[in-house]
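Undergrad: Just dropping this structure here.
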Amino acid sequence: MKKKVAFVCVHNSCRSQMAEAWAKHLGKDVLEVYSAGTEEYPEVKPKAVQVMEEAGIDMSDHYPKLLTEIPQDIDILVTMGCGVSCPYMPCNHKEDWGLEDPSGGPIEDFRKTRDIIKKKVEHLIERVKRREL
Numbered sequence: 001m002k003k004k005v006a007f008v009c010v011h012n013s014c015r016s017q018m019a020e021a022w023a024k025h026l027g028k029d030v031l032e033v034y035s036a037g038t039e040e041y042p043e044v045k046p047k048a049v050q051v052m053e054e055a056g057i058d059m060s061d062h063y064p065k066l067l068t069e070i071p072q073d074i075d076i077l078v079t080m081g082c083g084v085s086c087p088y089m090p091c092n093h094k095e096d097w098g099l100e101d102p103s104g105g106p107i108e109d110f111r112k113t114r115d116i117i118k119k120k121v122e123h124l125i126e127r128v129k130r131r132e133l
């Protein structure tokens, strides 16, 4: 049975979207993946879409979602490190990845964030496969 994981940030426009895309790409055999934010935002950051495209992952159809738009019965809740104060979401495991937001910075900051998120998603998938989560 797949574990439901939600990546949560304030706007769901950059880091949580990249995490969702990596997790769907790398963990489709063990994860059911969602991302959401605590505040509305008009679009996924174009630089986030661009750097994921460079890595071979298409996020052109992604859009920011609110917490109310994803399932509430999550197994794993991952916050991105934005000091986000999330409403209560029942989950079996919660962790914060402490990632700085590259928004407003150069494209290289987005690439670094993309690569850090990939490593963190790979580690999360390994822990799920080992039944640690």
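Numbering of the sequence shown is given in full-length UniProt numbering, commencing with residue 1 and proceeding in unit increments. Even glycine gets a Cβ: it sits at the ideal position worked out from N, Cα and C. Predicted, not measured: the structure shown is a model, and the values here were computed from it.
#1: If you draw a straight line from the alpha carbon of K45 to that of R130, how long is it in whole angstroms?
#2: What residue does the alpha helix (DSSP H) around V121 start on, and which one ends it?
#3: Would the segment 58-67 count as touching the segment 95-104 if we require 3 or more Cβ pairs under 8 Å?
#4: If you measure between the beta carbons of M52 and M18, is that distance less than 7 Å?
#5: Tell me the DSSP secondary structure of H25 in three-state form.
#6: Do K24 and V33 have their C-beta atoms closer together than 7 Å?
#7: Where does S60 land, buried or exposed, given buried means 16+ other C-beta within 10 angstroms?
#8: For A21, which residues in the same chain have their Cβ closer than 6 Å to its Cβ, ignoring the five residues on either side in sequence?
#9: Skipping 5 residues on each side, what residues in its chain have a beta carbon closer than 7 Å to that of residue 134?
#10: Quick check on I125: buried or exposed, where buried means 16 or more other Cβ atoms within 10 Å of its Cβ?
#11: According to DSSP, D73 sits in a beta bridge with which residue or residues?
#12: Could you tell me whether the Cβ atoms of residue 140 and V128 are closer together than 7 Å?
#13: Between E69 and A36, what straight-line distance do the alpha-carbon atoms span, to the nearest angstrom?
TA: Put simply:
#1: 34 Å
#2: I107 to K129
#3: no
#4: yes
#5: helix
#6: yes
#7: By the neighbour-count rule (16 or more Cβ atoms within 10 Å), S60 is not buried but exposed.
#8: M52, I57 and M59
#9: Nothing about residue 134 can be reported from this structure: the residues present for the chain run from 1 to 133 only.
#10: buried
#11: Answer is none; D73 lacks a bridge partner.
#12: The shown model of the chain, from 1 to 133, leaves out residue 140, and the question about it has no answer.
#13: Rounded to the nearest angstrom, the two C-alpha atoms are 8 Å apart.
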